[in-house]
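Colleague: Questions regarding the structure given below will be posed in turn.
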Amino acid sequence: MSEGTGASGGGEWVALSAEEAEKHPLYGIAGWLSAVWAWLAIQIILDFFRAVGYFMFSSETAVPGAVASLVSIIIAVLTLFHLFYLRPAFPAWLAVNAGFSIVIIVFASAVALAVFALNVAILCYALFSRRVNITYRRRARPEWLPRRIDIPPVEKQEDGGPA
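According to the working numbering, the sequence shown is numbered sequentially starting from 445.
Structure representation (structure tokens):
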């Protein structure tokens, strides 16, 4: 483990190797991160129906609205890919996903505004989550690391049993 100064939140960060990160109890897709992938899946479905709706019910904004929805689907799929394959780029793709929600608001609806608000909340979670920092950014604060207890080796007697 090597120590460094983190850009977010100040203080010291401990850089973790891939092996050290995998051994940490917070490593992997669990907890609130499960809700993030579920939300991304729901967002893909919403964007699909939004794209279909633009073509069926809107003449002026059909093409731009549908294209924006399809791009949003592609971004959400790429974000899910990075999430499931535990790629370090996942937090960045999550930021792109939240940022692109602003484009969807141009074709505003109450649903688009709610999607944007939820994406910003999820992005905030990802910035401060211990699990995301350990799994994707491979870093931890020293107090997040499991305590290691050094147990002295058992001395053997002459007959081979413990002392």
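Note that the Cβ used here is the ideal one computed from N, Cα and C, for glycine as well.
This structure is a prediction, so every number in the text was calculated from the model and none was measured.
Around the Cβ of Ser478, are there at least 16 other Cβ atoms within 10 angstroms (buried) or fewer (exposed)?
Modeller: Residue numbering aside, residue 478 sits at position 34 when the sequence shown is read from its first letter. It counts as exposed.
Colleague: What span of residues does the beta strand (DSSP E) with Glu587 cover, start to end?
Modeller: Your numbering for residue 587 matches position 143 in the sequence shown. Note, Glu587: premise wrong, no beta strand (DSSP E); not H, not E.
Colleague: Using the Cβ count rule (16 or more neighbours within 10 Å means buried), how would you classify Ile525?
Modeller: For the purposes of this step, residue 525 is identified with residue 81 of the sequence shown, where counting begins at 1. Per the sequence shown, residue 525 should be read as Phe rather than Ile. With fewer than 16 other Cβ atoms within 10 Å, it is exposed.
Colleague: Given that a residue counts as buried once 16 or more other Cβ atoms are within 10 Å of its Cβ, and exposed if not, what is Ala474?
Modeller: As a first step, residue 474 is located in the sequence shown; it is residue number 30 there, counting from the start. Exposed is the call here.
Colleague: Pick out whichever of Leu484, Val511, Val480 and Tyr471 has its Cα sitting closest to the Cα of Arg494.
Modeller: Here the question's residue 494 lines up with position 50 in the sequence shown. Arg494 has its Cα closest to that of Val511, out of Leu484, Val511, Val480 and Tyr471.
Colleague: Nearest-angstrom Cα distance between Gly472 and Phe501?
Modeller: Numbered from 1 along the sequence shown, position 28 holds the residue referred to as residue 472. Numbered from 1 along the sequence shown, position 57 holds the residue referred to as residue 501. In a straight line, the C-alpha of Gly472 is about 42 Å away from that of Phe501.
Colleague: Are Ile578 and Ala584 touching if we call contact CB-CB under 7 Å?
Modeller: Numbered from 1 along the sequence shown, position 134 holds the residue referred to as residue 578. Numbered from 1 along the sequence shown, position 140 holds the residue referred to as residue 584. Cβ distance < 7 Å, so Ile578 and Ala584 count as in contact.
Colleague: Could you name the residues that DSSP lists as bridge partners for Arg583?
Modeller: To locate residue 583, count along the sequence shown from 1; it is residue 139. DSSP, once it has assigned bridges, lists Ala459 as partnering Arg583.
Colleague: Please determine, among Phe560, Leu562 and Val547, the residue with the shortest C-alpha to C-alpha distance to Gly509.
Modeller: Here residue 509 is taken as the residue at index 65 of the sequence shown, counted from 1. Ranking the options by Cα distance to Gly509, first place goes to Val547.
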